[in-house]
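A.B. asks: Residue numbers (our numbering): 85 to 514. A single structure is presented below for examination.
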């Protein structure tokens with residue numbers, strides 16, 4: 085099979101190269117459409133807290149949902165590097181052709197900087213132990229690895245962060261060879277951060293035992309959370325010092341919410357070269373705190389640590405799976421807060437009143453609507469219409485996430501998105 089020689093002596097086959105480049109050309113065509121700029125403008129306005137129509141995003145992120153939409157067996161490239169590129173390009177094309185939500189398709193391929201040793205990727209020196217079921221996508225339990233009180237000393241608070249510039253350059257050159265003349269390749273540092281000190285702790289201590297500890301030994305739990313927070317602080321500080329950050333004010337997915345398009349970042353003092361933490365978005369969440377955790381305990385064991393981290397950044401987001409409709413008074417302590425994620429388990433009317441026009445309201449439909457034994461489009465429309473009625477006065481985005489199956493009926497997501505977009509235009513007056 086013919087191959088294409090690259091400067092480092094390694095070659096892609098012509099077959100693999102043609103597959104990737106053909107898909108890249110299709111992505112470039114989609115990215116050049118005028119509607120992409122229209123969507124960018126909508127996200128910019130939403131993030132300025134302007135009342136635009138609700139923006140819709142289908143966040144199909146779980147590996148098993150993609151296996152139903154684009155089975156691995158359908159991939160054609162042989163080289164593992166090319167197969168990863170092929171899959172990512174096919175995802176973009178699939179979303180454009182089947183979802184037509186408010187995601188923006190751009191003409192950039194990111195080459196992440198090879199950041200080593202930071203706590204977000206390398207951890208804190210304590211590895212969770214999982215009790216996994218036989219079912220690959222089934223729920224797992226955390227086996228406690230922090231057992232004695234002295235075990236919290238294992239939590240490393242002073243990581244040594246570095247950037248492997250040689251590895252970054254090698255991957256950059258490989259991408260440039262594949263995409264030359266079609267899509268722009270950019271080296272990208274960290275552009276968004278997500279923090280969860282308590283969620284991190286329970287992976288080592290176990291959920292039930294942590295809840296008992298919060299009552300029986302709160303001082304010890306605070307010592308552990310302080311160590312985790314310190315580790316986060318030092319890690320992100322080193323990444324900033326290494327000049328390994330990139331602006332996230334564009335097509336950056338903000339975790340449990342929409343996109344980072346904004347003209348309010350970077351800060352006016354940005355020198356055009358050295359990106360700082362205060363030029364970026366960040367998010368925090370304590371997903372493990374369900375309705376059974378009081379606002380006071382949520383404040384004490386979560387927000388008091390999370391806000392210290394978030395306030396290092398320019399704009400922040402809060403929440404994921406934890407219901408926040410009765411906790412907005414503590415969430416409001418976060419000074420640079422811009423969007424709040426409301427889980428499927430909130431009282432929508434109460435949540436809408438609490439958020440008001442002060443923040444972007446991220447509505448998260450219950451993902452089971454597309455995962456049940458049967459698909460009920462009329463129920464999906466009823467649920468969305470109810471949410472839009474109750475959030476008429478808010479600045480709203482809708483994020484359908486935590487998807488794990490559509491029962492091998494991909495059309496469900498296509499139909500859900502069509503319903504959501506239609507209602508969004510109806511309630512947005514567009």
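C-beta atoms are modelled at their ideal positions from N, C-alpha and C, and glycine is treated no differently.
Let me make sure I understand the geometry here. Which of 393, 411, 229 and 431 has the alpha-carbon closest to that of residue 419?
C.D. replies: Residue 393 is the option with its Cα nearest to residue 419.
A.B. asks: Any contact of the segment 128–137 with the segment 197–209, i.e. 3+ C-beta pairs under 8 Å?
C.D. replies: Short answer: they don't touch.
A.B. asks: Identify the continuous alpha helix (DSSP H) that holds residue 166 and give its terminal residues.
C.D. replies: Start and end: 164–182.
A.B. asks: Between the C-alpha atoms of residue 153 and residue 177, what's the straight-line distance to the nearest angstrom?
C.D. replies: If I take the Cα positions, the gap works out to 12 Å.
A.B. asks: Rounding to the nearest angstrom, what Cα-Cα distance links residue 110 and residue 299 in this structure?
C.D. replies: The straight-line gap from Cα to Cα measures roughly 57 Å.
A.B. asks: Could you tell me the distance, in whole angstroms, from the CA atom of residue 186 to the CA atom of residue 215?
C.D. replies: Cα to Cα, the separation comes out at about 38 Å.
A.B. asks: Return helix, strand or coil for residue 446, following the three-state DSSP convention.
C.D. replies: Note: residue 446 maps to strand in three-state DSSP.
A.B. asks: Residue 143: which of 444, 167, 188 and 104 sits nearest, CA to CA?
C.D. replies: Answer by Cα proximity: 188.
A.B. asks: Hey, residue 235 and residue 198 are a contact pair by Cβ (cut 8 Å); roughly how many whole angstroms apart?
C.D. replies: With a Cβ gap of about 31 Å, residue 235 and residue 198 do not count as contacting.
A.B. asks: Have a look at the DSSP bridge pairing and note the partners of residue 426.
C.D. replies: For residue 426, which the question treats as bridged, DSSP gives the partners 447.
A.B. asks: So for residue 482, helix, strand or coil by DSSP?
C.D. replies: Note: residue 482 maps to strand in three-state DSSP.
A.B. asks: Alpha carbon to alpha carbon, how far is residue 230 from residue 123?
C.D. replies: Rounded to the nearest angstrom, the two C-alpha atoms are 47 Å apart.
A.B. asks: Using alpha carbons as the reference points, say which of 259, 100 and 437 lies closest to residue 473.
C.D. replies: The residue with the shortest Cα to Cα distance from residue 473 is 437.
A.B. asks: Once DSSP output is grouped into helix, strand and coil, what is the label at residue 477?
C.D. replies: Looking at residue 477 - three-state DSSP - the assignment turns out to be coil, as it is neither helix nor strand.
A.B. asks: Please confirm if the segment 338–352 is in contact with the segment 256–265, defined as three or more CB-CB distances below 8 Å between the two stretches.
C.D. replies: At 8 Å Cβ cutoff, the stretches do not touch.
A.B. asks: Which of helix, strand or coil does DSSP assign to residue 243?
C.D. replies: Three-state DSSP puts residue 243 in coil, outside helix and strand.
A.B. asks: Determine the burial state of residue 481: buried for a count of at least 16 other Cβ atoms within 10 Å of its Cβ, exposed for fewer.
C.D. replies: With 16 or more other Cβ atoms within 10 Å, it is buried.
A.B. asks: Have a look at the DSSP bridge pairing and note the partners of residue 199.
C.D. replies: According to DSSP, which records beta bridges pairwise, residue 199 is partnered with 247.
A.B. asks: So for residue 95, helix, strand or coil by DSSP?
C.D. replies: Strand, per DSSP.
A.B. asks: CA-CA distance, residue 224 and residue 201?
C.D. replies: Each residue's Cα considered, the two are about 27 Å apart.
A.B. asks: Excluding five sequence neighbours on each side, which residues of the same chain lie with their C-beta closer than 8 Å to the C-beta of residue 195?
C.D. replies: Counting only Cβ-Cβ distances below 8 Å, and skipping sequence neighbours, we find 252, 255, 256, 259, 269, 270, 271 and 272.
A.B. asks: If you draw a straight line from the alpha carbon of residue 470 to that of residue 415, how long is it in whole angstroms?
C.D. replies: Using only the alpha carbons, I get a separation of about 25 Å.
A.B. asks: Rounded to whole angstroms, what is the Cα-Cα separation between residue 491 and residue 371?
C.D. replies: So the alpha carbons of these two residues sit roughly 26 Å apart.
A.B. asks: Bridge partners for residue 271 per DSSP, in chain order?
C.D. replies: For residue 271, which the question treats as bridged, DSSP gives the partners 195.
A.B. asks: What residues in its chain sit with their C-beta under 7 Å from that of residue 384, if we drop five residues either side in the sequence?
C.D. replies: Excluding residues within five positions, none has a Cβ falling inside 7 Å.
A.B. asks: Go ahead and pull the three-state DSSP assignment for residue 460.
C.D. replies: Coil.
A.B. asks: In this structure, does DSSP put residue 103 in helix, strand or coil?
C.D. replies: Three-state result, residue 103: helix.
A.B. asks: Please list, in chain order, all residues of the same chain as residue 467 whose beta carbon is under 7 Å from its beta carbon, the five residues on each side excluded.
C.D. replies: Answer for residue 467: 449 and 453, listed in chain order.
A.B. asks: Any idea what DSSP makes of residue 129, helix, strand or coil?
C.D. replies: The answer is helix: DSSP assigns residue 129 an H, G or I state.
A.B. asks: On the three-state DSSP scale, how would you describe residue 495?
C.D. replies: Residue state, collapsed to three classes: helix.
A.B. asks: Between which two residues does the beta strand (DSSP E) carrying residue 227 extend?
C.D. replies: Where residue 227 is concerned, the enclosing beta strand (DSSP E) stretches over 225–227.
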